[in-house]
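Line by line, the protein sequences are chains A and H. Residues 1 to 632 in the UniProt record's numbering are what the first sequence lists, from first letter to last. Residues 1 to 312 in the UniProt record's numbering are what the second sequence lists, from first letter to last. Have a look at the structure below, then the notes.
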Amino acid sequence: MTDNELIWRIAGGSGDGIDSTSQNFAKALMWSGLNVFTHRHYPSRIRGGHTYVEVRAKDEPVQSRGDGYNFLLALGDSFARNPQEEAYYGKEELKPLYENFDDLREGGVLLYDEGLLDEEDVDEIGLEEAAEENNWHVVPMDLRGIAKEHGREIMRNTAGIGATAAILDISTDEFEKLIKQNMSGDMQEANLNVLHDAYEAASELDIDHDIEVPEGSHDEEQVILSGSNAISYGAIDEGCRFISGYPMTPWTDVFTIMSQHLPSFGGISEQVEDEIAAAALALGASHAGVKAMSGSSGGGFALMSEPLGLAEMTETPIVLVEAMRAGPSTGMPTKPEQADLEHVLYTSQGDSARVVFAPANIRECYTQTRSAFRIAYEYQIPAIVIYDQKIQGELRNLPASHFDEEPNADPGSVLTEEEIQDAAHHSSGKFQRFLHEPEDGSNVSPRSVPGQKDGRFLATGNEHNPSGHISEDPENRIAQMNRRLNKLDDIRADLDENTSHQTYHGPDEADYGILVWGSQQGTVFEAVDRLNENGHSVKALGVSDMAPYPKEEVSEWLESVDEALVVEMNATAQFRGLTQKELGKYGDKMSSLLKYNGNPFEPAEIVDGFESSIDGEELAASNMKYVPAAGD
Amino acid sequence: MSAFSAINEEREIERDEFTPGIEPQATWCPGCGDFGVLKALKQAMPEVGKNPDEVALFTGIGCSGKLNSYFNSYGFHTIHGRSLPVARAAKLANPNLEVIAAGGDGDGYGIGGNHTIHTARENHDITYIVFNNEIFGLTKGQTSPTSPKGHKSKTQPHGSAKSPIRPLSQQLNAGATYIARTAAVNPNQAKEIIAEAIEHDGFAHIDFLTQCPTWNKDAKHYVPYTDVQQSDEFDFDVSDRAEAAEMMRKTEERLYEGEVLTGRMYIEDERPSYGEEKRQIGEMPEEPLAERYFDEDAEWERTYDNLLEHHK
Ligand SMILES: Cc1ncc(C[n+]2csc(CCOP(=O)(O)OP(=O)(O)O)c2C)c(N)n1
Ligand code: SF4
């Protein structure tokens, strides 16, 4: 397959600069007018260990990483060359080369650094046979040597880019611009020289491949960023000025971005002793009148269970981010999975009322984080944004105008001092913070903030009466419980009216449907297009609202198809289970395609999975699991 | 005008203003030492000139956690052991609030021990009162981190093999800048210490000895006690770390030998509070963050104008 797209993979050791090089490569391609999408793969190690990043570029918007790739830049793992005997891992430095054989498409190009990898060793890994079999174009180049000539070995990356540009016949203008932008002085000069020398050297080679890098142009100014960037910017634009956290992969990303920027926006960031404290701080800041957020990944989020319940019971708004990685327990720290859905929906004791949004891409990370803050503060309820390690790290371009929105600092249903004077007070002078029946007929009883005159109330995790005092009176209990739970209906109505988070894809009328949530949405949409091209009749629905659940939308959609395949990255079909529980039926209509080996779906896998499911055949691929509909 | 006009209101404050009126029902047992803390706290408020609307009281869970049912201010009865992290953030969000946290020995030295150490280490400008009754009260009398070695309870029927925690020394090491021990039986000292702690600019830790006549049957009432500042026997400089450490060692040892030593144990005035340090390094706004949400003229910057350049 050499159709009109480039999927360029750069592979090396963690710490070899693979990330930054791929980011630059992607940005340069975006500047040249293409749409880009990156996919990161890295092991749970700081230095060394095989890591790669793919950059997919097309002239039309890119939804997923695609299937396989067509250009490999294998730099070799420089950290495997550790001189200390004990830390030497044999042929480890070759891994970035041979471990990438599987996915390189037929006819693809394989460029490797013969300066780092010994020719004899390369012979041993069966490169020649594999290349012959797959019609690969193998290009050994001494990238290390070129870099060393101008000073430092680490500029191997730049040499790799120069050579890539020559082989693919793309201009180096954008790369030069980037180098000039990011570096100065000797470093800048050295890198420019390396870029040119490698370009020249590769130009002289005669490589007859048929990868065509598409041409494109943007009619609007673009930005390239990650899901974590988008979540952070959504929070800031919605008036969040307080974040508290404790590092845990992949949540650390949002925490770091927020910590770097909040002070310059007049906000506060706190790294604290653990995740219980982190969530508790967000609660304290919100109680005092500030829009606040915290978050974590699986294990850390488990620790937040108690403060989360406290937020529900005291109706203190907070936003928590849950960045999923493969579990249970510490699981696979650097691998994506969508298996914390139930954890996030049901953790914490009692009948709980919380809001959970699962953005499916970078665009939605921004808008839905904004929604989460708006809903949390207007309805005095905790809102959770759940996403995964895949969206966290992938970069994608979108129009800058997507972020050109007014800020919203409104802290929701907080009264001003004047309003407090007119509001209900108990005869003891206490402000009636938790009215059974708020005056406007809604389920939200307005709140006051410490320091406001005559706004005194008690917030407590125990059941409480209208002024906040602990109460076990049965009637009061029912009134408070109902009011808290009923907010979910109001929120559902509000979302339906103002901001639908669900995404429809494919023809309106179709026999089959694919239901998906979170990060797998783009991949599913791409698969749906291919399936329709192949003559199937399929559409897809991407659901983002996990709670309150969009019952009507999903029911209608499920009614409109004969059968639906639910695609998700976990082993127990959590989202399908949720859908069935929420809708109370359709168990016989939904089957599942599951993947939980640490790698997200590729579109071709979904195509295969769909086709074998309708043909009633066993899945050929062993890395996925098919679970038939109930009653099948 | 500030959105928080209760803050620094200039007027005479009455002790009674902190009594919540008829509403909450008493749940403390007769004779409970917790009443002594409540009384001292209420008496301290007129001294420090704080009115109920500018005080934010954060409690944990336990009998001690009920304090804010009896105390008329903004209150947050949090979860077991977590009053401090909630309180810390409220103070950072609005440094003008008078932030007080309270909880039991199980709450602060057991389940919340980590937060207690870190709050002291960071020197947040809050006052923390630990109701130390050497027992778990609310859950009906289990051994607590301050119960004496050998203490028998239903959960440790053979007598605890653990030595009690030494909260004063621990908090000195952790970094608290005001540390005192007082007792419900010593109302005047208790009131003065609470007032001083509130006025102290930094983390003030008060280990408040309170008797639990219900579950500590051989209840100590912590009498007779000695006020170390009043006694000739203990001539030490409260601002000297080494001398304070030695005094604390004595205090903690002797408590379990039946001698109750109370008073100021350590006072450090030089070290800036955490909020101040954060402000100095540019990690905290000059004006209270909470105020901005009520300020109609506040300018809310957008990421579009500031951060996107880098992604273009
Ligand atoms: C996470 C959690 N664990 C246990 C409890 C039960 N619990 C409530 S109060 C308490 C002990 C209280 O002892 P202490 O802090 O000494 O306070 P006292 O009641 O003596 O004032 C416990 C274990 C709880 N509420 N939450
Ligand atoms: S159980 Fe003990 S601590 Fe609790 S109220 Fe009764 S006497 Fe006080």
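Even for Gly, the Cβ is constructed at its ideal location relative to N, Cα and C.
Q: Could you name the residues of chain H that A/Tyr-596 contacts, counting a contact when the two beta carbons are closer than 9 Å?
A: Per Cβ cutoff of 9 Å: no residues; A/Tyr-596 is ~32 Å from chain H at best.
Q) Any Cβ of chain H within less than 9 Å of the Cβ of A/Phe-79? A) no
Q. Is there a Cβ from chain H that is less than 9 Å from the Cβ of A/Asp-473?
A. no
Q | Classification of A/Ala-621 by the beta-carbon crowding that lies within 10 angstroms, buried from 16 upward | A | Counting other Cβ atoms within 10 Å of its Cβ, A/Ala-621 stays below 16 and is therefore classed as exposed.
(Q) Could you check whether the Cβ of A/Glu-306 sits closer than 8 Å to any heavy atom belonging to ligand 1? (A) Checking the Cβ of A/Glu-306 against ligand 1 gives yes.
**Q.** Reference A/Ala-409; option with closest CA among A/His-402, A/Ala-376, A/Ala-423
**A.** Nearest of A/His-402, A/Ala-376, A/Ala-423 to A/Ala-409, Cα basis: A/Ala-376.
Q) For H/Arg-241, which of helix, strand or coil comes out of DSSP? A) helix
Q | Same chain, Cβ closer than 6 Å to H/Cys-212, five either side skipped, listed in chain order | A | Asn-133, Ile-135, Gly-137
**Q.** Amino acids of chain H, ordered along the chain, whose beta-carbon sits closer than 8 Å to that of A/Ile-391
**A.** Neighbours of A/Ile-391 on chain H: none; closest Cβ ~16 Å, over 8 Å.
Q. Counting contacts by CB-CB distance shorter than 9 Å, is H/Asn-68 in contact with chain A?
A. Judged by the 9 Å Cβ criterion, H/Asn-68 is in contact with chain A.
**Q.** Presumed contact (8 Å Cβ cut-off) between A/Gly-76 and A/Leu-97, rounded CB distance
**A.** 7 Å
Q) If H/Ile-206 sits next to H/Tyr-266, beta carbons under 8 Å apart, how far is it from one beta carbon to the other, in whole angstroms? A) That belief does not hold up - the Cβ atoms of H/Ile-206 and H/Tyr-266 are roughly 12 Å apart, past 8 Å.
Q | Burial state of A/Tyr-346 (16 or more Cβ within 10 Å) | A | Around the beta carbon of A/Tyr-346, fewer than 16 other beta carbons lie within 10 angstroms, which makes this residue exposed.
Q: Taking all protein chains shown into account, decide if H/Tyr-293 is buried (16 or more other Cβ within 10 angstroms of its Cβ) or exposed.
A: buried
Q. By a C-beta neighbour count over all protein chains shown, 10 Å radius and 16 as the cutoff for buried, is A/Pro-328 buried or exposed?
A. exposed
Q | Cβ-heavy atom distance, H/Ser-144 to ligand 1, below 8 Å | A | yes
Q: Verify whether the separation of the beta carbon atoms of H/Pro-85 and A/Ala-277 is less than 9 Å.
A: yes
Q.
Quick check on DSSP: helix, strand or coil for H/Pro-272?
A. Shown here, H/Pro-272 sits in coil according to DSSP, grouped into three states, outside any helix or strand.
Q. Do A/Leu-398 and ligand 3 come close, with the Cβ less than 8 Å from some heavy atom?
A. By its list of ligands, the structure shown excludes ligand 3, since it contains just ligand 1 and ligand 2.
Q: Consider the Cβ of H/Gly-175: report whether some Cβ of chain A lies at a distance smaller than 9 Å.
A: no
(Q) Quick check: the Cα distance between A/Asn-570 and A/His-343, rounded to an integer number of angstroms? (A) 13 Å
(Q) Using a Cβ-based criterion (distance less than 8 Å to any ligand heavy atom), does H/Met-63 qualify as near ligand 1? (A) A quick correction: the sequence has Cys, not Met, at residue 63 of chain H. At least one heavy atom of ligand 1 is nearer than 8 Å to the Cβ of H/Cys-63, so yes.
Q. Taking any Cβ of chain A, which residues in the segment 53 to 81 of chain H have a Cβ under 7 Å from it, in chain order?
A. Asp-53, Glu-54, Ala-56, Asn-68, Ser-69, Asn-72, Ser-73, Tyr-74, Gly-75, Phe-76, His-77, Thr-78, Ile-79
Q.
Considering only the alpha carbon of each residue, which of H/Asp-16, H/Met-247, H/Asp-201 lies closest to H/Asp-263?
A. The sequence as given places Gly at residue 263 of chain H; Asp does not occur at that position. The shortest Cα separation from H/Gly-263 among H/Asp-16, H/Met-247, H/Asp-201 belongs to H/Met-247.
Q) Which whole-angstrom value describes the C-beta separation of A/Tyr-42 and A/Thr-334, a residue pair presumed to lie in contact below a C-beta threshold of 8 Å? A) 5 Å
Q. Can you name the residues of chain H whose CB is closer than 9 Å to the CB of A/Asn-135?
A. Those within 9 Å of A/Asn-135 in chain H number zero; the least Cβ separation is about 38 Å.
Q. Does the beta carbon of H/Gly-113 fall short of 8 Å from some heavy atom of ligand 1?
A. no
Q) How would you call A/Ile-318, buried or exposed, if buried means at least 16 neighbouring beta carbons within 10 angstroms? A) buried
Q.
If the criterion is Cβ atoms closer than 9 Å, does the pair A/Gly-284 and A/Met-248 meet it?
A. no
Q: Take A/Arg-325 and list the residues in its own chain whose beta-carbon comes closer than 8 Å to its own, dropping the five residues that flank it on each side.
A: Thr-249, Pro-250, Ser-297, Gly-298, Gly-331, Met-332, Pro-333, Thr-334, Lys-335, Pro-336, Glu-337, Asp-388, Gln-389
**Q.** Those runs of the beta strand (DSSP E) which lie wholly inside the segment 106 to 144 of chain H and span at least 3 residues
**A.** 127 to 132
Q: Output the distance between the C-alpha atoms of A/Gly-227 and A/Asn-361, rounded to the nearest integer angstrom.
A: 7 Å
(Q) Between A/Leu-549 and chain H, is any beta-carbon pair separated by less than 9 Å? (A) The amino acid occupying residue 549 of chain A in the given sequence is Tyr; Leu does not appear at that position. Closer than 9 Å: no.
Q. Mind checking H/Ala-184: buried by the 16 CB within 10 Å criterion, or exposed?
A. buried
Q: Counting only the same chain and skipping the five closest in sequence on each side, list residues whose C-beta sits under 6 Å from that of H/Gly-159.
A: Gly-150, Lys-152
Q.
At the 9 Å Cβ level, is H/Pro-145 part of the contact set with chain A, yes or no?
A. No, no contact with chain A.
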